[in-house]
Structures are given as structure tokens and as C-alpha cells.
Amino acid sequence: MTTQPSTTDAPIIQLQGLTKPYGKLHALKGVDLTVERGALYGFLGPNGAGKTTSIRVITGFIRPGEGTARVFGLDAWKDSVAIKRRIGFLPDSPGMYGGLTGQEFLDYLGRLSGDARPVLQRELLERLELPGEALSRKLKGYSQGMKRKVALVQAMQHNPELLIMDEPTDGLDPLMQQVFFALVREFTARGGTVFMSSHILPEVEELCERVAIIRGGRVITTGKVADLRDGRRRSMTVVFRGQPPEKLDAPGVEVVTRVGVTWQLSVSDNINALLRELAGYDIEDMVYERPHLEELFMDHYRSEESSGD
Amino acid sequence: MISVWLQTLKGYRTPVLLVGFGLYGFALLLAYVFQAFGGLEGLGQLVDLVPETMRALLQAQGGLATSVNGWLAGGYRHPVFLVAISAFMIGTSSRVVAGEVERGTILLLLARPLVRWHFLLGKTGAILLGLSVILALSWAGTWTGVLIIGEAEPVDGAVLLRVMFNALALGLAIGGYTTLVSSVSSDGGQTTGQAAGITVGMFFIDYLAILWAPASFLGPLSIFHYYSPADIPDVGGTPWLDLGVLFGVAVITYAAAFILFQRRDISR
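So this is what it looks like as C-alpha cells:
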């Protein structure tokens with residue numbers, strides 16, 4: 000399996016000052032975003048933040064207000080047909096024709112993409128455990144999970160350059176989520192680019208190298224997940240054996256909770272002073288966690304709220 | 000576009016066959032009723048018994064005929080025929096865009112390299128073929144009836160073809176404004192309701208204009224004003240003005256639907 004090469008050096012997706020008014024309301028208020036080729040990019044935000052509107056602009060379903068939206072260097076609205084030759088799209092709530100079988104539906108979408116039996120269809124069906132027997136049944140008898148699998152296959156079966164997904168794992172069981180993660184990683188390893196929105200932070204954390212966080216129609220932060228974690232406080236759980244200390248004096252340490260011998264600490268970047276202090280006590284167990292994306296996300300939201308936005 | 004056309008045709012084959020064979024049977028029945036009433040003479044006696052106001056009502060339904068051709072042509076203005084054609088055109092055309100948006104299928108279909116108006120052309124092309132099949136079956140029903148009952152007087156095939164052409168124009172006009180409503184809507188049920196409301200409203204206006212002289216000026220506002228199949232055998236020739244208005248409505252509304260669909264946001 001090889002991914003078609005991009006013909007331009009432009010960023011795969013570039014949004015600049017993008018707005019989208021709906022009457023007096025603005026779903027997007029100046030979104031800036033750049034996704035480079037080969038990226039596995041997560042687009043985070045709660046419901047109503049502007050994720051789906053941004054994706055619909057990128058995929059040419061919605062005409063932008065002000066600003067620009069370019070995909071492969073092309074205008075997302077005017078050149079949407081040319082763009083769609085090179086993308087795969089998984090919407091947040093895809094509908095299907097209940098009267099068609101799964102195979103008929105996939106073949107129909109394949110024909111619309113210009114290929115009656117798309118190159119990756121068979122492999123994807125096997126990986127996602129959609130056997131021929133299931134595909135020969137009408138879609139109206141499918142469970143939500145099976146429909147989601149069909150939706151994933153239709154997005155990837157024609158081997159696009161760019162995969163755009165809106166809440167891709169909704170309805171997938173944990174095992175199939177792992178299969179999906181593997182498929183996406185293989186896709187990017189072959190040179191493909193992934194742009195996915197989600198409000199399930201652990202999923203994005205596991206999969207994506209870069210993220211953008213959107214709130215109220217504006218991107219409030221972007222960057223590598225690892226960079227965003229840097230400098231953030233980390234969580235430590237300490238279980239003392241015997242009598243715990245009265246207090247901890249190490250700099251940069253806050254005691255979050257204290258339940259008997261189990262203490263929950265929040266630690267800044269320097270852990271050495273804390274370890275030296277804890278060495279004077281009898282410790283039964285200790286867990287030191289890296290900061291989760293969820294905490295970063297909540298930090299951003301809290302700071303935005305406190306700044307009056 | 001061909002794939003959309005074929006897939007739509009496949010999806011609509013059941014309603015096309017149901018409506019088509021239903022109207023085939025109805026046309027057959029009309030021919031049989033003509034014979035059962037004793038031909039023109041028997042019908043004339045029956046009409047003489049009907050009060051004046053009821054006669055006007057029957058006239059509005061194409062029910063008074065002075066020839067066998069007029070009787071058969073009048074069947075294409077009967078409420079059963081009008082309801083069947085309107086229901087088919089509204090039921091299918093309301094789904095071309097609004098139904099797909101409501102169901103969420105449009106997000107998968109238009110994620111393909113497909114020009115929007117090509118998509119709409121494929122959909123409407125399939126509906127127009129369906130309408131043609133329905134009218135052909137209806138026409139075949141009339142001829143089957145004529146063959147079964149025997150011709151009391153010569154039946155003019157050319158007249159019946161002109162009647163069919165008039166019915167096609169009416170169907171296209173209904174399909175045109177329904178597609179226009181559908182092209183800007185995201186709710187299939189709401190679109191069906193709006194298009195049905197427009198159709199019933201125009202039928203009512205036409206009825207009112209026929210029955211009540213002070214309201215006759217309203218008649219030209221209704222598409223049904225331009226649909227008088229029973230007059231075709233009596234007047235003779237082709238009703239070019241009526242056809243022109245109905246086809247004009249169809250062309251303008253379909254063109255507007257294509258333009259608006261090309262520009263609209265699909266945000267649901």
C-alpha cells in the first residue's frame with residue numbers, strides 16, 4: 000500500500016483568520032491553523048466550540064465568511080472537487096441508505112470516487128472484522144458499531160492523501176478502537192496526513208503528535224503534545240507506611256489531598272527536592288504520572304475563563 | 000453523475016411501479032366506466048340529472064365530456080390522477096437534497112469529487128425518467144381499456160399523446176418547485192409538507208377561480224389553470240401557451256434549485 004504523493008509543498012491544511020457567521024452569531028471567530036504533510040493532528044474542543052464547522056469548511060460543505068481556508072494549497076470552497084479527489088472524510092454523524100447492503104453502499108461510494116472496487120477496501124474490511132456475510136445484509140439491520148466501521152472503510156478505502164475525521168471512534172468498542180489506531184498510524188507511516196477532531200482526550204493523546212485546542216470559535220493553543228506537556232505540573236500519589244509527615248517543605252510541591260497515609264501531590268518541574276525530602280520517610284508506594292492532555296486542556300479552559308473570555 | 004442517476008433510479012423503482020400500475024388500472028377503469036354508463040348518450044343523460052353547481056364542479060375535474068376522446072383525456076384531470084402524480088413528484092423531489100441532508104448521507108456523497116449540480120442532475124434525471132414511465136403506463140392503460148371495450152367512436156392516439164405531454168409538463172412544474180424548496184432545506188418532512196401545501200393551495204385557487212366568477216382573476220396564478228387535458232380533444236391542436244407556462248415554471252424552478260444548491264451551506 001502506498002499513499003499518493005502530494006504535488007505541492009504547501010501545507011496540507013491552512014486556515015487563516017477564518018470566520019463563519021450565522022446571522023449575528025459567529026461559529027468561527029478567526030481560526031488560524033496549519034497542518035503540515037504527514038502530521039497526525041488532533042483538533043480538540045468541547046461540543047459547540049467550532050470543531051465541526053471548521054471541518055465542514057475544510058471539506059467544502061460550508062462557505063467560509065472572512066479569512067482563507069486552503070487544502071493542498073487550493074481554495075477549500077472554490078476548488079472543493081479537486082480537493083475531494085485527494086481526501087477521505089468521516090463525518091461525525093454519517094447517514095446510510097438502510098435499503099442497501101453494506102457492500103452495495105461501499106461500492107456506490109467507491110464508484111463516486113471513481114473506483115468501483117477501491118484498492119484498500121478488502122484489507123480494511125478484514126482488519127475491521129466486517130465479513131462478507133455481514134456486508135451482504137441491509138444496512139438498516141446494522142448496529143451502531145458496524146455502521147461506524149462501514150463509515151471508516153468508506154473514508155479510507157480509496158487510499159486518500161488526507162484523512163479528515165470528526166469524532167472517529169464514536170460507537171467503536173475498545174478492541175476496534177485499537178485496530179483503528181493501528182490503521183491510522185500505518186496511514187501516516189505511508190506518508191498520509193490525518194486531521195481529526197475529538198472531545199475524547201485520551202484518544203487524541205494516544206494517537207496525535209500535534210494538537211490544536213479550539214474554544215468559542217477561536218484556536219486558543221496549538222503545538223506538539225509533548226511540548227504542551229513541558230512545564231506543566233505533574234501528579235504524584237504517595238502512600239506512606241506508618242506515620243506520614245506533618246507537612247512537606249520541598250519547593251514547587253502542593254498537597255492536593257490527604258486521606259490517611261495516601262497523599263495526592265501536585266509537583267512542578269523539579270522533583271529532586273521532593274525525592275530528597277521523601278527519602279526521610281518510610282514509603283509503601285509511589286506513582287508519578289506525566290501530565291495528561293486532559294489537564295492541559297482544562298488548564299487552558301480555566302485560564303481563558305479567568306481572563307474573562 | 001451516472002452513478003447517482005442509476006442509484007436513484009434503483010431506489011425509486013418501487014414507487015414508480017406502484018404509481019404507474021395504479022394509474023394503468025385507473026385508466027383502464029375509466030374506459031370501462033365509459034362503456035358501463037352507456038357511452039356518451041348514457042353519460043349525457045346522467046349529467047342532465049346533476050344540478051348546475053355540481054356540473055361546474057365536475058367540469059373543474061375534467062369530468063364532462065362531449066366525445067370519447069374527451070372522456071379519456073378528462074381522466075387525466077381526475078383527482079386520483081392528480082393526487083398520484085403530485086404525490087410521486089413531491090415524495091421523490093423533496094428527498095433529493097433535504098432528505099439526504101436530514102439523513103446525513105449527503106456528507107458521504109458530497110465528500111466525493113462530485114460537482115454539486117451534477118449530483119442534483121443525476122437525482123432529478125432519475126425522477127423525470129420515473130415520471131415518464133408512470134405516464135407511459137397510464138397511457139398504456141387507456142389504450143388497453145379502448146381495446147377491451149371496443150371503440151364506440153374513433154380514439155385519436157395523437158390527442159392522447161398531447162394529453163400525456165401536458166401531464167408531463169404539469170409533473171415537471173410540481174417537481175421543479177418541490178426541488179427548489181428541497182435544495183435550500185435540511186428537513187425532508189418539512190419540504191414535503193411545504194410542497195404539498197403549495198400544490199393544494201394552487202389547486203384550491205384554480206377551483207375557486209372556476210366556481211366563483213369574482214375570483215376568476217386568481218386562476219392564472221395556479222399551475223392547474225394551465226392544465227386542461229379534457230379541452231385538448233375539444234379545442235384541437237396543441238395547447239402551446241399552457242405547455243409554455245408549465246415548462247417555463249419547471250425550467251425556472253429547477254434552474255433556481257441548481258444555483259441555490261451549488262451555493263448553500265451543508266451544516267446540519
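For the protein sequence lines, the chains are P and D, in the order given.
Numbering that gives the first Met the number 0 numbers the first residue of the first sequence as 0 and each following residue consecutively.
Numbering that gives the first Met the number 0 numbers the first residue of the second sequence as 0 and each following residue consecutively.
Each residue gets a CB set at the ideal place from its N, CA and C atoms; glycine is no exception.
Owing to the predicted nature of the structure, the values given are computational and were not obtained by experimental measurement.
Item: So, at 6 Å on beta carbons, what are the nonlocal neighbours of His224 of chain D in its own chain, with the 5 sequence-adjacent residues on each side left out?; Value: Asp205, Gly218
Item: Smallest Cα separation from Ala48 of chain P: which of P:Leu105, P:Tyr40, P:Leu24?; Value: P:Leu24
Item: Verify the CB distance criterion: does Arg76 of chain D have a CB-CB separation below 9 Å to chain P?; Value: no
Item: Would you call Met297 of chain P buried or exposed, if buried means 16 or more other Cβ atoms sit within 10 Å of its Cβ?; Value: exposed
Item: Please report the distance separating the alpha-carbon of Leu227 of chain P from that of Ala181 of chain P.; Value: 24 Å
Item: Which residues in the same chain have their Cβ closer than 8 Å to the Cβ of Arg263 of chain D, if we skip the five residues on either side of it in sequence?; Value: Ser182, Val183
Item: Can you pull the chain D neighbours of Ala95 of chain P, defined as C-beta to C-beta under 9 Å?; Value: With the sequence shown as reference, residue 95 of chain P is identified as Met, and Ala is not the correct amino acid for it. Simply Arg102, Gly103, Thr104, Leu107.
Item: Where do the ends of the beta strand (DSSP E) carrying Pro14 of chain D lie?; Value: No beta strand (DSSP E) holds Pro14 of chain D; the alpha helix (DSSP H) holding it covers 1 to 35.
Item: Alpha carbon to alpha carbon, how far is Gln143 of chain P from Gln261 of chain D? Give it in angstroms, no decimals.; Value: 32 Å
Item: Going by other Cβ atoms of all chains shown within 10 Å of its Cβ, with 16 needed for buried, is Thr252 of chain D buried or exposed?; Value: buried
Item: What separation, rounded to the nearest whole angstrom, lies between the Cα atoms of Phe36 of chain D and Leu45 of chain D?; Value: 8 Å
Item: Using a Cβ distance threshold of 8 Å, determine whether the segment 129 to 138 of chain P contacts the segment 159 to 175 of chain P, with at least three qualifying pairs required.; Value: no
Item: Indicate whether the contact test is met: 3 or more Cβ pairs, each with one atom in the segment 142 to 156 of chain P and one in the segment 116 to 127 of chain P, closer than 8 Å.; Value: yes
Item: Does the beta carbon of Ile86 of chain P sit closer than 9 Å to a beta carbon anywhere in chain D?; Value: yes
Item: Please list, in chain order, all residues of the same chain as Leu242 of chain D whose beta carbon is under 6 Å from its beta carbon, the five residues on each side excluded.; Value: Ala168
Item: At a Cβ threshold of 9 Å, is Leu295 of chain P touching chain D?; Value: no
Item: Taking buried to mean at least 16 other C-beta atoms within 10 Å of its own C-beta, is Gln242 of chain P buried or exposed?; Value: exposed
Item: Give me the Cβ distance between Ala125 of chain D and Leu8 of chain D, rounded to the nearest whole Å; I'm assuming they're in contact under 8 Å.; Value: 4 Å
Item: Between Lys146 of chain P and Gly109 of chain P, is the Cβ-Cβ spacing less than 9 Å?; Value: no
Item: Quick one: what's got a C-beta closer than 7 Å to Ala81 of chain P's C-beta in the same chain, skipping five residues either side?; Value: Leu73
Item: Using 8 Å as the threshold, is the segment 233 to 241 of chain D in touch with the segment 137 to 156 of chain D, meaning 3 or more CB pairs across them?; Value: no
Item: Which same chain residues, not among the five before or five after Gly263 of chain P, have their C-beta less than 6 Å away from its C-beta?; Value: Per the sequence presented here, residue 263 of chain P reads as Gln, with Gly not at that position. Within the same chain, Gln263 of chain P has close Cβ partners Thr236, Val255, Thr256.
Item: Which residue or residues does DSSP assign as beta-bridge partners of Ala211 of chain P?; Value: P:Phe42, P:Thr221
Item: Can you grab the Cα-Cα spacing for the pair Asn68 of chain D / Leu160 of chain D, in whole Å?; Value: 11 Å
Item: Comparing the C-beta of Ser196 of chain P with each C-beta of chain D, is any distance below 9 Å?; Value: no
Item: From the beta carbon of Pro244 of chain P, is the nearest beta carbon of chain D less than 9 Å away?; Value: no
Item: Against Gln153 of chain P, what residues of chain D qualify as contacts under a CB-to-CB distance less than 7 Å, listed in chain order?; Value: Leu107
Item: Taking C-beta to C-beta, are Leu32 of chain P and Ala211 of chain P nearer than 9 Å?; Value: yes
Item: Find the nearest neighbour of Glu185 of chain P within the set P:Asp106, P:Gly131, P:Leu39, judged by alpha-carbon distance.; Value: P:Leu39
Item: Indicate whether Leu134 of chain D and Met163 of chain D have their beta-carbon atoms separated by less than 9 Å.; Value: yes
Item: Looking at the secondary structure, which residues open and close the alpha helix (DSSP H) in which Glu276 of chain P lies?; Value: 271 to 277
Item: Spatial neighbours of Ala139 of chain D within its chain, please: CB distance less than 7 Å, with the 5 preceding and 5 following residues excluded, ordered by chain position.; Value: Tyr23
Item: My output table needs one value for Arg202 of chain P: the three-state DSSP class, helix, strand or coil.; Value: Per the sequence shown, the amino acid found at residue 202 of chain P is Glu instead of Arg. Looking at Glu202 of chain P - three-state DSSP - the assignment turns out to be helix.
Item: Within the continuous beta strand (DSSP E) that includes Val238 of chain P, where are the two ends?; Value: 233 to 239
Item: Give the residues of chain P in contact with Ala110 of chain D, contact being defined as C-beta atoms less than 7 Å apart.; Value: Thr58, Lys83, Phe88
Item: In chain order, what residues of the same chain lie with their CB nearer than 8 Å to the CB of Tyr31 of chain D, ignoring the 5 residues before and after it?; Value: Gly144, Ile147, Ile148
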